[in-house]
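Residue numbers (this note's numbering), protein chains in the order written: chain A, 1 to 246; chain B, 1001 to 1155; chain C, 2001 to 2054. By construction, the Cβ of each residue, glycine as well, lies at the ideal position given by its N, Cα and C atoms. Quantities reported herein were computed from a predicted structural model and do not represent experimental measurements.
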């Protein structure tokens, strides 16, 4: 409980996040090198799609991140609305550009995969459309936060938007089951296991863990900046800036 | 939890719940429009609109693909294992197009009941494996079928 | 090696995907680092100005 309270204070968050950053970055790079090696050299050619399926090792982890980060933002939004916790707001706002980037990456890599395999860059099926809607939610949150001058009001507004948008997540996930889509069903599921050769599944999981650590790393980088900006008139920030140049 | 926080929590719970129900209702109402394609059975049952182009999805029937001499026009049968419809298509096919493959075609039924497609997309499944595993699976499946067939003959 | 780069004829699609991931993820790390420098510079300048005014 004490750890939770310390993280809730901007000053301690800044310090603790600073300690975690090198570790998160380090673990990310180790997992990335391992994951890339497995993705490009170890994973065998697919019986149907040849080498083109190797896009999956970017596409699927990016798509998972696009939903995972949005979920974190919605939880942070709820915490902010109920407990008025400043740091939840910071996490929400700092996550948005990372989530938007992963959503964009999932959409573009999906397009680059769809062209050679399906025969089209884009279709308006339920999966693709709901993922595109997720990108608009992210962009909406970024724009709304930027448009409102008072940061506390802005934080509350984006908390509400993030929470309301959370209904899109089950739609994205179940779209391939609820409706006929061009997009295939889920390859990896918690209950059903994976419909994939183990040598292909391993790089997919390693890459998705790498992306998780990447998110932690970049989230802390961005959240620390957000804290610095919000607290720039406090004595601890002044001391920090005058002291060492961290 | 203080009463004011409890109240806020209930309010946001209500908010998300209300939006969720509204979206669920809207999605149910537009369910047909959210289907990217119809199955051959739905089309033969007359469920698809006849006046504008529709999409049909299913499996290309093995041994049904016939290429016309011009090299660009193909005719094949599409099935959902309930009903089968004939499809004509002129144009470039995706790399994955082959017999037994899932595809989605955009077009219209003509007077002879043939579906004339203007676009054919391949739909692949969610299974990924190397060719040798796929072959092994196929062999195992065929052997299984053969054994069952043998059993049924014996009985 | 060239066989590897060719990706069975799908080189453009595969390498564009990996390349875009690299560009986006690098930009997302570099931008907060630049932003931090700018922020600290700004706070420093303000502090100096305040001290001169005293």
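For residue i, count neighbouring C-beta atoms within 10 Å of its own C-beta (all shown protein chains included) and say buried if the count is 16 or more, exposed if not.
i, result
"residue 1092/B", "exposed"
"residue 149/A", "exposed"
"residue 125/A", "buried"
"residue 1028/B", "exposed"
"residue 141/A", "buried"
"residue 2051/C", "exposed"
"residue 222/A", "buried"
"residue 1100/B", "exposed"
"residue 49/A", "buried"
"residue 237/A", "buried"
"residue 130/A", "buried"
"residue 233/A", "exposed"
"residue 2033/C", "exposed"
"residue 1052/B", "exposed"
"residue 1002/B", "exposed"
"residue 2025/C", "buried"
"residue 189/A", "exposed"
"residue 31/A", "buried"
"residue 1077/B", "buried"
"residue 162/A", "buried"
"residue 1154/B", "Any reading at residue 1154/B needs caution, since the residue's pLDDT is 46, under 50, leaving its predicted position unreliable; the model's value is listed next. Residue 1154/B should be labelled exposed."
"residue 127/A", "buried"
"residue 18/A", "exposed"
"residue 1021/B", "exposed"
"residue 99/A", "buried"
"residue 1030/B", "exposed"
"residue 246/A", "Confidence at residue 246/A is low in this model, with a pLDDT of 47, below 50, so its placement is unreliable and the value that follows should be read with caution. Exposed, because fewer than 16 other Cβ atoms sit within 10 Å of the Cβ of residue 246/A."
"residue 2053/C", "exposed"
"residue 191/A", "exposed"
"residue 80/A", "buried"
"residue 2004/C", "exposed"
"residue 1004/B", "exposed"
"residue 147/A", "exposed"
"residue 168/A", "buried"
"residue 1080/B", "buried"
"residue 203/A", "buried"
"residue 1115/B", "buried"
"residue 2009/C", "exposed"
"residue 61/A", "buried"
"residue 2030/C", "exposed"
"residue 66/A", "buried"
"residue 183/A", "buried"
Whole-angstrom Cβ separation of residue i and residue j, contact assumed at under 8 angstroms?
i, j, result
"residue 55/A", "residue 2017/C", "5 angstroms"
"residue 138/A", "residue 194/A", "About 28 angstroms; that fails the 8 angstroms criterion."
"residue 106/A", "residue 59/A", "6 angstroms"
"residue 1106/B", "residue 1055/B", "5 angstroms"
"residue 77/A", "residue 9/A", "Actually they do not touch by this definition, with Cβ atoms about 20 angstroms apart."
"residue 2020/C", "residue 108/A", "6 angstroms"
"residue 1024/B", "residue 1083/B", "Incorrect: roughly 31 angstroms between the Cβ atoms, too far for contact."
Just grab the DSSP bridge partners of residue i for me.
i, result
"residue 1084/B", "1079/B"
"residue 1137/B", "According to DSSP, residue 1137/B bridges with nothing at all."
"residue 988/B", "Not covered by the structure: residue 988/B. The range shown for chain B is 1001 to 1155."
"residue 1067/B", "1074/B"
"residue 189/A", "193/A"
"residue 1125/B", "Residue 1125/B is not bridged to any residue."
"residue 1108/B", "1116/B"
"residue 150/A", "DSSP output for residue 150/A lists no bridge partner at all."
"residue 1103/B", "1058/B and 1122/B"
"residue 46/A", "50/A"
Query raised in the report: Using 8 angstroms as the threshold, is the region 1120-1128 of chain B in touch with the region 117-129 of chain A, meaning 3 or more CB pairs across them?
Result: yes
Query raised in the report: Fully enclosed by the region 1012-1065 of chain B, which alpha helix (DSSP H) runs are 4 residues long or longer?
Result: 1031-1034 and 1040-1044
Query raised in the report: Counting Cβ pairs, one atom from each stretch, are 3 or more of them under 8 angstroms apart for the region 33-40 of chain A and the region 203-223 of chain A?
Result: yes
Requested in this report: Decide yes or no for the touch test of the region 222-242 of chain A against the region 40-57 of chain A: beta carbon pairs closer than 8 angstroms, at least 3 of them.
Outcome: no
Query - Secondary structure, beta strand (DSSP E): runs of 3+ residues fully inside the region 65-143 of chain A - result: none
Query - the region 1078-1092 of chain B contacting the region 1126-1145 of chain B, beta-carbon criterion three pairs below 8 angstroms - result: no
Report task. Kindly confirm or deny that the region 2033-2051 of chain C and the region 64-81 of chain A touch, where touching means at least three C-beta pairs closer than 8 angstroms. Result -> no
Query raised in the report: How do the region 149-162 of chain A and the region 1058-1076 of chain B stand: do at least 3 beta-carbon pairs fall below 8 angstroms, yes or no?
Result: no
Query raised in the report: Between the region 1028-1045 of chain B and the region 174-182 of chain A, do at least 3 Cβ pairs fall closer than 8 angstroms?
Result: yes
Report task. Could you name each continuous alpha helix (DSSP H) segment of 4 residues or more that falls completely within the region 151-175 of chain A, going from the start of the chain to the end? Result -> 151-165
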